[in-house]
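Before any comments, here is the structure.
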Amino acid sequence: MSKDLHETVAALLAADEQRYTSGRRTLVDALVSAGRPLTISDVLASAPSLPQSSAYRNLAILEEAGVVHKVVTNEEFARYELAEDLTEHHHHLVCTSCGAIEDIDIPGALERGIERAVGTLAEDSDFTHVSHRLDLMGLCPNCS
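Everything in the sequence shown is counted per my numbering, starting at 15 for the first residue and increasing by one.
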């Protein structure tokens, strides 16, 4: 775990008038170690000392501070990962049946095309500071 990451998380929380508690640090460590978006059950399995109510509350605080991003797959499934500002830009394949998520990188030319299209859409709508996330929805090999 990078000291820089923890310092960045602490600064983001401080900017939101929150403290970087041991429970929040445990959640960040669990998300980093997993290297993939986690369900609440996954989080609790990797951090068994953390009470479920504390995990929910702290994930909400981390999300509000911009540390964590919630990937919603459908009404039944939500997974959590570190925000892209703390990791690297990527996209997701999302199974609409079981909720499985796979991180994917897309070819550079396609990424640049998406960036141009998003920029044009934002400019036409007078939006500023626009970014994008691409979640491809479908069925994973186990569900198809």
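Even for Gly, the Cβ is constructed at its ideal location relative to N, Cα and C.
Just so we're clear, the structure is a prediction, and the values are computed from it rather than from any experiment.
**Q.** Beta carbon of Leu-73 nearer than 9 Å to that of Val-82
**A.** Residue mapping note: residue 73 aligns to position 59 of the sequence shown, counting from 1. Residue mapping note: residue 82 aligns to position 68 of the sequence shown, counting from 1. Closer than 9 Å, so yes.
**Q.** Secondary structure of Tyr-70, DSSP reduced to three states
**A.** The residue you call residue 70 lines up with position 56 of the sequence shown. Helix.
Q.
I'd like the span of the alpha helix (DSSP H) that includes Leu-135, first residue to last.
A. The residue labelled residue 135 in the question sits at position 121 within the sequence shown. Where Leu-135 is concerned, the enclosing alpha helix (DSSP H) starts and stops at 122–138.
Q. Going straight from the alpha carbon of Ala-184 to that of Asp-56, what length do you get?
A. This structure leaves residue 184 out entirely; the chain is present only between 15 and 158.
(Q) Check this for me: beta carbons of Ser-60 and Ala-79, under 9 Å apart or not? (A) What you label residue 60 is simply residue 46 of the sequence shown in a count that begins at 1. What you label residue 79 is simply residue 65 of the sequence shown in a count that begins at 1. Contact flag unset, no.
Q.
Could you pull the DSSP bridge partners for Gly-152 from this structure?
A. Working through the sequence shown from its first residue, we reach residue 152 at position 138. Answer is Cys-109, bridged to Gly-152.
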